[in-house]
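Using this note's numbering, read the sequence shown as starting at 127 and increasing by one per residue.
What follows is a short report on a single structure.
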Amino acid sequence: METYLWITSVWGVYLALAVFVIGMGWRAYQWATTPKSPVRLGMFPKPATKGGRFVKMLKDTFIAPQSAHIEPKMYFFAMLFHVAALAAFVGHLRILGEYPILPALLGGEEGMNEFAAIAGSIAGAAMLIGVIYWIARRTFGPYKNLSVPEDYLLLALLFGVIIMGDHLRFVYGGTIHADTYQEWFKSLLAFKPMFPEKILAGNVGWSLGTHMLFTDLFLMYFPFSKLVHAIGSFSTNLVRSE
Ligand code: HEM
């Protein structure tokens with residue numbers, strides 16, 4: 127298991143982060159050097175002021191009323207997924223260091239872990255529901271004909287990341303907490319990688335290693351996939367009201 131962990135959760139993470147950063151740099155370079163369209167691409171109604179355009183861009187990006195109008199069911203699951211993903215992201219930051227004040231408000235480290243267990247379980251379950259809905263949507267019904275292999279590859283990677291994250295949360299969440307994962311992750315950042323005894327002792331390493339294997343693949347593919355829309359959507363939505 128230790129070799130598996132070194133491949134997926136040490137070297138794999140370094141490789142994935144390098145590919146992610148270089149890939150996103152390449153994307154940014156492409157965006158910056160693409161000539162601007164000589165034709166205005168804005169659609170009515172267009173705000174008259176710069177501030178109005180900025181607010182509309184934020185609304186179109188974060189609330190996406192146009193999607194709610196076109197496909198309400200998909201909109202519901204997409205919102206569920208993205209809100210849960212944001213919550214899980216905030217939760218993952220504990221791997222870098224404990225939040226200030228929050229543990230004191232929640233009754234110490236134990237209270238904080240209990241809160242993380244409840245919030246993480248809800249976020250993890252909601253993300254799983256979202257991704258299962260997307261897989262079903264492209265597997266049955268009319269969207270099947272519009273789907274290309276990339277759509278399924280991305281959903282499969284996401285499914286792998288989430289199901290293994292949920293495995294960590296639901297199977298080992300009662301015994302292994304953020305402080306243990308923190309020891310491993312901080313050692314990576316300090317370029318002195320190690321695994322705490324608690325991770326090596328039981329089967330949790332298999333689960334963490336597989337969560338990281340899918341995460342590594344996901345991060346490496348991200349800059350070259352349609353998921354860069356997460357960043358590109360800001361400028362696209364700005365162009366819409368140009
Ligand atoms: C460097 C990247 C990542 C690391 C180091 C990491 C690590 C972890 C760890 C240690 C847990 C268990 C938390 C606990 O039980 O206390 C976890 C849970 C989870 N992870 Fe990740 N993960 C990463 C990226 C991702 C990504 C990209 C996603 C989804 C797109 C994801 C989704 C989840 C979910 C849904 C859970 C369960 C719910 C929760 O506890 O938040 N993870 N992750």
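Ideal Cβ positions, reconstructed from N, Cα and C, are used throughout, including at glycine.
Any non-hydrogen atom of the ligand HEM within 6 Å of residue i CB
| i | result |
| --- | --- |
| Ile288 | yes |
| Tyr259 | no |
| Thr341 | yes |
| Gly149 | no |
| Asp292 | yes |
| Gly217 | yes |
| Gly177 | no |
| Tyr307 | yes |
| Met320 | no |
| Met253 | yes |
Sub-7 Å separation of residue i and residue j beta-carbons
| i | j | result |
| --- | --- | --- |
| Thr134 | Met320 | no |
| Lys318 | Thr306 | no |
| Gly250 | Gly286 | no |
| His293 | Ser333 | yes |
| Ala104 | Gly299 | The chain is shown only over 127 to 368; residue 104 falls outside these bounds and no answer can be derived. |
| Val145 | Met346 | yes |
| Arg153 | Val297 | no |
| Glu368 | Gly168 | yes |
| Phe241 | Leu231 | no |
| Gly256 | Leu131 | no |
| Ala356 | Arg220 | no |
| Ser351 | Leu283 | no |
Residue i to residue j span [Cα, whole Å]
| i | j | result |
| --- | --- | --- |
| Tyr201 | Ile258 | 14 Å |
| Ile227 | Pro268 | 50 Å |
| Ala210 | Arg366 | 28 Å |
| Asp342 | Pro171 | 42 Å |
| Val330 | Thr160 | 47 Å |
| Phe194 | Asn363 | Residue identity check: residue 194 is Ala in the sequence provided, not Phe. Straight-line Cα distance between these residues: approximately 16 Å. |
| Phe215 | Phe180 | 26 Å |
| Leu254 | His208 | 11 Å |
| Val139 | Phe344 | 11 Å |
| Ala213 | Phe203 | 15 Å |
| Leu184 | Ser359 | 10 Å |
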